[in-house]
Amino acid sequence: MKRIALMVPESIEEITIGQLQRFTHAVENGMDRETAALVCYCGASVKYVKQYKQADRERIVQRIDRLFESEVHQHVKRFKLGGKVYGFVPNLDKISFAEWTDIESTQYEVADLHTLIGTLYREVIAENGSKYRFKPYTPDAEHNERMKDAPVNVA
């Protein structure tokens, strides 16, 4: 039997928004939860996942589940992605109507999570200690697509 190594995430920061979206989509479309977790979070192929011992499947999925359940999730103000720093909009009371509309329309579905994060986090253009300035808001599909590679803990 061929030996296959899996890359099992060890922290929530290693799971991306895109992976969470693929997992949710797979489960909603009938894939069993364990197979979806191994395929989406560990990069395994469906072909090989079906050959794993059930005890191994359960053990790995339990490790992944614990990342979502037990870690203390703190608000992430800034994160790096693709060599750029993105910062959270610090004052939601001062957002524009366009920002509010995009937040309001994308906050309910996992499939829209990357767009929500793209609205709430913008590229930082200047930093001074804990303060920062970021690019002004303009709806940008390309920016939102990049957010699929953001760590899921920013959500």
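Numbering (my numbering), first residue to last: 347 to 501.
Backbone N, C-alpha and C define an ideal beta-carbon position, used for all residues, glycine too.
In this structure, DSSP gives A457 a helical state, which the three-state scheme calls helix.
In the three-state reduction of the DSSP assignment, E415 falls in the helix class. In this structure, the straight-line span from the alpha carbon of A383 to that of V407 is close to 7 Å. In the three-state reduction of the DSSP assignment, Y398 falls in the coil class, being assigned neither a helical nor a strand state.
Looking at the DSSP output, P497 bridges to T362. Taking each of K423, T362, R403, V373 in turn and checking the Cα distance to V470, the smallest one comes out for K423. In the displayed model, G464 falls within a helix according to three-state DSSP. V456 and F369 have their C-alpha atoms some 10 Å from each other. Counting other Cβ atoms within 10 Å of its Cβ, R379 stays below 16 and is therefore classed as exposed. Looking at the DSSP output, G433 shares a beta bridge with R424, R468. Contact annotation, L427 with S357: C-beta distance approximately 16 Å; criterion of less than 8 Å not satisfied.
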